[in-house]
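Okay, structure first, notes after.
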Amino acid sequence: MTRIIEVFKPTGILDAANGDRLRSQVIKSLEHGSEVFLVDLEDVTFMNSSGIGALVATYSQVKKARKKMFLCSPNSQIRLILELTAIDGILKTFENKADFEVFWNSGQ
């Protein structure tokens, strides 16, 4: 059975407002039966503590539902934030979407 990957692509600053929007979109997709979520951070220019909290809260809800969530394409500043907060150890993070696709298609 092929699982559809829901891709979410926030833009600009990942703060409280954008983080809540992302979380709401993922929850709605969970309710509609989606099982795999990829948050593409390519267009995120900055992430504050509210954005970090939103990512963690979103991941917690996905994990509680026994589904999967991944991150990809963080810029160097976002990657540093993910490393310093140890989120990259909790949420598997890929350099870009192509790397995620290779991982996913390999049967992870």
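In the numbering used here, the protein residues as written are 32 to 139. Beta carbons: idealized from backbone N, C-alpha and C, even for Gly. Computed from a predicted structure; not experimentally measured.
Item checked: Cβ pair Ile36, Leu69 closer than 9 Å -> Contact: yes.
Exercise. Select from Val57, Ser104, Glu126 the residue whose C-alpha is nearest the C-alpha of Ser65.
Key: Nearest C-alpha to Ser65: Val57.
Quiz item: If you count every other CB in all the chains shown that lies within 10 Å of the CB of Asn136, and 16 or more means buried, which is it?
Solution: Exposed, since its Cβ has fewer than 16 Cβ neighbours within 10 Å.
Please report the distance separating the alpha-carbon of Ala74 from that of Phe101. Residue identity differs from the one stated: residue 74 is Asp in this sequence, not Ala. Taking the straight line from one Cα to the other gives about 16 Å.
If Ile121 sits next to Thr76, beta carbons under 8 Å apart, how far is it from one beta carbon to the other, in whole angstroms? Rounded, the Cβ-Cβ distance is 23 Å, inconsistent with contact.
Give me the DSSP bridge partner(s) of Phe131. Per DSSP, none; premise fails for Phe131.
Have a look at Thr124 and Ala48 and give me their C-alpha separation to the nearest angstrom. Cα to Cα, Thr124 sits roughly 23 Å from Ala48.
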